[in-house]
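In our numbering, the protein residues as written are 2 to 422. Where a beta carbon is used, it is the ideal one built from N, C-alpha and C, also for glycine. Data first, discussion second: the structure below is written as structure tokens.
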Amino acid sequence: MQKHKTNRLETTKLIGPMVDKHWSDLRSAKDRGEMVAWCSGPMFIFPYAMGMKCHFMAGYAAYAGGRGAADRLLEIAEDEGDLLDTCSYHKAHMGMAAAIKKGLPLREDVKLPMPDLLITGRLCPEMSHYAEGLYRRMNINVVGIDTPPPANESNVMILEKFCEAQVREVLIPTVEKICGKPFDYDRLREILAILKETCLLRNECWEYFKKIPSPWTLWDYGVSIAPVFYMMGSPDAVPYYTKLRDELAERAEKKIGAIEPEDFRVYWDGWLPWGFLGQFSRKMTSLGIVPLVGRYPWEFFPHPETIDLNEDPVATFAKQVYSNGGLAKQNLPNMSLPTLHKWIDEYHLDGVIMFSSKSCRMWNLGHPDFIKAIERKNGIPGVIIEGDMVDSRMNSFAQIDTRLEAFAEMMAARKKSVVDL
Numbered sequence: 002m003q004k005h006k007t008n009r010l011e012t013t014k015l016i017g018p019m020v021d022k023h024w025s026d027l028r029s030a031k032d033r034g035e036m037v038a039w040c041s042g043p044m045f046i047f048p049y050a051m052g053m054k055c056h057f058m059a060g061y062a063a064y065a066g067g068r069g070a071a072d073r074l075l076e077i078a079e080d081e082g083d084l085l086d087t088c089s090y091h092k093a094h095m096g097m098a099a100a101i102k103k104g105l106p107l108r109e110d111v112k113l114p115m116p117d118l119l120i121t122g123r124l125c126p127e128m129s130h131y132a133e134g135l136y137r138r139m140n141i142n143v144v145g146i147d148t149p150p151p152a153n154e155s156n157v158m159i160l161e162k163f164c165e166a167q168v169r170e171v172l173i174p175t176v177e178k179i180c181g182k183p184f185d186y187d188r189l190r191e192i193l194a195i196l197k198e199t200c201l202l203r204n205e206c207w208e209y210f211k212k213i214p215s216p217w218t219l220w221d222y223g224v225s226i227a228p229v230f231y232m233m234g235s236p237d238a239v240p241y242y243t244k245l246r247d248e249l250a251e252r253a254e255k256k257i258g259a260i261e262p263e264d265f266r267v268y269w270d271g272w273l274p275w276g277f278l279g280q281f282s283r284k285m286t287s288l289g290i291v292p293l294v295g296r297y298p299w300e301f302f303p304h305p306e307t308i309d310l311n312e313d314p315v316a317t318f319a320k321q322v323y324s325n326g327g328l329a330k331q332n333l334p335n336m337s338l339p340t341l342h343k344w345i346d347e348y349h350l351d352g353v354i355m356f357s358s359k360s361c362r363m364w365n366l367g368h369p370d371f372i373k374a375i376e377r378k379n380g381i382p383g384v385i386i387e388g389d390m391v392d393s394r395m396n397s398f399a400q401i402d403t404r405l406e407a408f409a410e411m412m413a414a415r416k417k418s419v420v421d422l
């Protein structure tokens, strides 16, 4: 059997200390007299503009999962009455809050200060349950902003204006009240300027996924997402992506692939399995499968060139969520399928993997339909892999290994049939 090897990037080794510092600063914020916000969805840019330390729901769960602490958080939440199939991100927070309230044993590195304000930027129904649960159990201030995904293009501008109005009329007045000062629009513009520069560099890095062999993988980008999302505005973001781009350019020139040999180039749909990246990476590497592009990791401000720093910053941000192809726009299958068809050619893909998270219903919408449409139009195979982002009980690696092996055989057979024609 052919042996495959992984060529690890040097730059991604820098991200661990950056992320650790972010969460460490958040944990100690109240000791320094700083205010704290928790956020689900993309609205943390607004408390950041007011100088608050800020948490991101999915980022925290991924952080806890990557450090092997998620199962304990989920266990505590279920002891408190949360259901097994509740969103594991939601449940991780319920477990952490319950442990702090009741003084239960919990690792210090996954404890967070209770927020002065919880902001939901609701992309899925679970976020409102999460906010309601924390409000009832912990008696914290909550403000909800809805960012529903558009069903078709005619919905986009309507929902964009709806999002913008909520920010102006509900979120900003609430943040001003909690902080006791006027909203800092100048700081919001500064954060957008750093975000734009960072994402432009990130997009240069994306171009290297099109190289054969690819000098990096989707997993590498996954661990590099924080500077363009929940750490937006960080002074470390631009230097990080500058260094990453330069390393990728050098690799591409020398034709150094992230995985050698690169047998199969694939699309990955849905959440990344944050708590189990090592297991997935090792199995896929052993089969020569290189994950390169995905709907979820690509939703973070894919068109930074459209960030207009001379425009009203609230309107600019709302456009990044909607009309400029961002977070809300790509959630429903009919809105994202044309992009998938385009990527198959752009990234020279051999197959598609649909990661069906057992505790997240939103990202599972239409997976069988996606595969059927792609097989018909593009002629490449797909597979559905069931698991979870951070809950180890929902990942059967014996089953996952079997499906990935069968998927590799399907891609190999197709490539051989194309050569034989």
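As assigned by DSSP and simplified to three states, the class of residue i
i, result
"ALA413", "helix"
"TYR222", "helix"
"LYS256", "coil"
"VAL144", "strand"
"MET232", "coil"
"THR346", "First, the amino acid is wrong: residue 346 is Asp here, not Thr. It is helical."
"ASP270", "strand"
"THR121", "strand"
"VAL39", "Reading off the sequence, residue 39 comes out as Trp, not Val. Looking at TRP39 - three-state DSSP - the assignment turns out to be strand."
"ALA66", "Checking the sequence, you will find Gly at residue 66 rather than Ala. Helix at GLY66."
"THR87", "coil"
"VAL157", "helix"
"GLY96", "helix"
"ARG418", "Here the sequence assigns Ser to residue 418, which means Arg is not the residue at that position. Helix."
"CYS55", "strand"
"GLU387", "strand"
"LYS6", "strand"
"LEU293", "strand"
Residue environment, residue i, which counts as buried when at least 16 other CB atoms sit within 10 Å
i, result
"ASP83", "buried"
"VAL419", "exposed"
"ARG203", "buried"
"THR403", "exposed"
"ARG9", "exposed"
"GLY52", "exposed"
"SER357", "buried"
"GLY17", "exposed"
"ASN332", "buried"
"ALA407", "exposed"
"ASP187", "exposed"
"ARG33", "exposed"
Nonlocal neighbours in the same chain, by C-beta distance under 7 Å from residue i, ignoring five residues either side
i, result
"CYS88", "GLU127, SER360 and CYS361"
"GLY134", "MET95"
"GLY145", "THR121, ARG123, SER129 and ALA132"
"LYS22", "none"
"CYS55", "ALA38, CYS40, PHE45, PRO48 and TYR49"
"LYS212", "ALA253"
Straight-line gap, residue i to residue j (C-alpha atoms, nearest Å)
i, j, result
"VAL384", "GLY367", "13 Å"
"MET36", "TYR297", "30 Å"
"GLY279", "THR286", "10 Å"
"ARG108", "VAL391", "16 Å"
"VAL294", "GLY181", "43 Å"
"TYR136", "TRP39", "12 Å"
"ASN365", "GLU387", "10 Å"
"ASN153", "ALA329", "12 Å"
"LEU113", "MET58", "12 Å"
"MET355", "TYR268", "8 Å"
"ALA259", "GLN167", "43 Å"
"GLU170", "LEU160", "15 Å"
"THR1", "ASP80", "No answer is possible for residue 1: the residues shown for the chain start at 2 and end at 422."
"LEU105", "LEU27", "21 Å"
"LEU74", "ALA63", "12 Å"
"PRO292", "VAL322", "25 Å"
"GLU347", "TRP299", "14 Å"
"LEU245", "PRO369", "35 Å"
Short CB-CB distance (under 8 Å) between residue i and chain E
i, result
"LEU74", "Judged by its chain identifiers, the structure shown contains no chain E, having just a single protein chain."
Spatial neighbours of residue i in its chain, beta-carbon cut-off 6 Å, leaving aside the 5 residues before and after
i, result
"ASN142", "LEU118"
"ASP72", "SER393"
"GLY326", "PRO303 and HIS304"
"VAL229", "THR199, CYS200, ARG203 and PHE301"
"ASP147", "ARG123"
"PHE281", "PRO274"
Other residues of its chain near residue i: CB distance less than 8 Å, five sequence neighbours each side excluded
i, result
"GLU11", "GLU248"
"MET115", "VAL37, ALA98, ILE101, MET139 and ILE141"
"GLY234", "ILE46, TYR49, GLU191, ILE192, ILE195 and LEU196"
"PRO236", "ILE195"
"ASP86", "LYS359 and SER360"
"ALA316", "GLU165"
"ASP185", "ALA50, MET51 and GLY52"
"GLU410", "none"
### Task
Inspect the CB distances between the segment 165-184 and the segment 212-223 and report whether three or more fall short of 8 Å.
Counting C-beta pairs closer than 8 Å gives fewer than three between the segment 165-184 and the segment 212-223, which falls short of the contact rule.
### Query
Per the contact definition of three or more C-beta pairs closer than 8 Å, is the segment 374-382 in contact with the segment 346-365?
Yes, the segment 346-365 is in contact with the segment 374-382.
### Query
So does the segment 62-71 actually touch the segment 330-342, counting three or more Cβ pairs closer than 8 Å?
Taking 8 Å as the limit for Cβ pairs, the verdict is that the segment 330-342 does not touch the segment 62-71.
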